[in-house]
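In what follows, a structure is listed as structure tokens, so that the remarks can point back to it.
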DNA sequence: CGTCAGTGACTACACCTGTAGTTTAATCGA
DNA sequence: TCGATTAAACTACAGGTGTAGTCACTGACG
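Residue numbers (my numbering), protein chains in the order written: chain U, 170 to 291; chain L, 170 to 291.
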């Protein structure tokens, strides 16, 4: 069971998944594109992530370099799994069906998914 | 924007979506199949849901009857939307692709989804 | 009529989250 | 060398969440 990552923490992780290692200041700069957070806020989030061993720290003189310890893919698999389990009884079909019925799927989406499934069957 | 429903509250909602109206005790009994919560806990959750106007209350003598005010379908659409937006940039394909790659889709799942999509295109 | 079981209302409380401010220690530039 | 800068560490604090406990009332039962 991978440690829980909160929404705010997730935004920080996205930055680190894109590029790492980074210093706290660098992370804050990049996160600033999305969120209007102070440097301190980002540092707090990094500390919490480090405390949970979701990011690793490496000393670089007076500062730290932060890197993800959890892979984005593994994380996404975990949360998706959890999501589908909790809300759709663990079955992906009802989820897709639901999105379809709610008109959340474009013709484009449908085409892409079909293609993907065709690939999978090989 | 529908009011936020927490995880614990969601378990209570599932019971009410299955059958309503119910008294607090009845809800607690049914929830007990899933969660090991005391009656008081369930009552607290019902109060919070009522305060958020996610369930409605109807007086029945000395007790209340609780019913959902939000439809399950609408709720699922909302959270699914939100989930896909936050984690997969709003595209459903990457989510399905991800679950597929992570071997979370059985051959059976694939067949069902294909069938569903075929239906959709009509 | 008095007691008790059931019910909603109110209170509790620790932990998580979002969002920082403050303190302290190290470093770099003049 | 000394002050200005910068970074990490520690502290803060309100609101949400999980998980109840307690209180006060009321109707049913003996």
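All C-beta atoms in this analysis are idealised placements derived from N, C-alpha and C, irrespective of residue type, glycine included.
Beta carbon proximity, residue i to chain L, threshold 7 angstroms
i, result
"residue 246 (chain U)", "yes"
"residue 233 (chain U)", "no"
"residue 283 (chain U)", "yes"
"residue 261 (chain U)", "yes"
"residue 191 (chain U)", "no"
"residue 185 (chain U)", "no"
Cβ-based neighbour list, residue i, same chain, cut-off 7 angstroms, excluding 5 preceding and 5 following
i, result
"residue 239 (chain L)", "171, 223"
"residue 259 (chain U)", "253"
"residue 241 (chain U)", "186"
Residue of the options minimising C-alpha distance to residue i
i, options, result
"residue 233 (chain U)", "U:262, U:215, U:202, U:263", "U:215"
"residue 235 (chain U)", "U:272, U:245, U:243, U:217", "U:217"
"residue 177 (chain U)", "U:203, U:250, U:282", "U:203"
"residue 173 (chain U)", "U:227, U:228, U:251", "U:251"
"residue 225 (chain U)", "U:281, U:182, U:291", "U:182"
"residue 175 (chain U)", "L:278, L:255, L:279", "L:255"
Any C-beta of chain U under 7 angstroms from that of residue i
i, result
"residue 271 (chain L)", "yes"
"residue 279 (chain L)", "yes"
"residue 266 (chain L)", "yes"
"residue 214 (chain L)", "no"
"residue 286 (chain L)", "yes"
"residue 218 (chain L)", "no"
"residue 289 (chain L)", "yes"
Contact under 7 angstroms by Cβ, residue i with residue j
i, j, result
"residue 200 (chain L)", "residue 180 (chain L)", "yes"
"residue 274 (chain L)", "residue 269 (chain U)", "no"
"residue 264 (chain U)", "residue 283 (chain L)", "no"
"residue 208 (chain U)", "residue 197 (chain U)", "yes"
"residue 193 (chain L)", "residue 237 (chain L)", "no"
"residue 271 (chain L)", "residue 246 (chain U)", "yes"
Own chain partners of residue i with C-beta closer than 8 angstroms, once the 5 adjacent residues on each side are dropped
i, result
"residue 261 (chain L)", "253"
"residue 184 (chain L)", "191, 196, 199, 200"
"residue 257 (chain L)", "263, 264, 267"
Sequence-distant residues of the same chain with beta carbon closer than 6 angstroms to residue i, five excluded per side
i, result
"residue 149 (chain L)", "Since the first residue of chain L shown is 170 and the last is 291, residue 149 (chain L) is not available in this structure."
"residue 213 (chain L)", "none"
"residue 205 (chain L)", "none"
**Message:** Could you tell me which whole alpha helix (DSSP H) segments of length 4 or greater appear in the segment 202-239 of chain U?
**Reply:** 208-220
Counting only runs of 4+ residues fully inside the segment 174-199 of chain L, write out the alpha helix (DSSP H) ranges in chain order.
176-187
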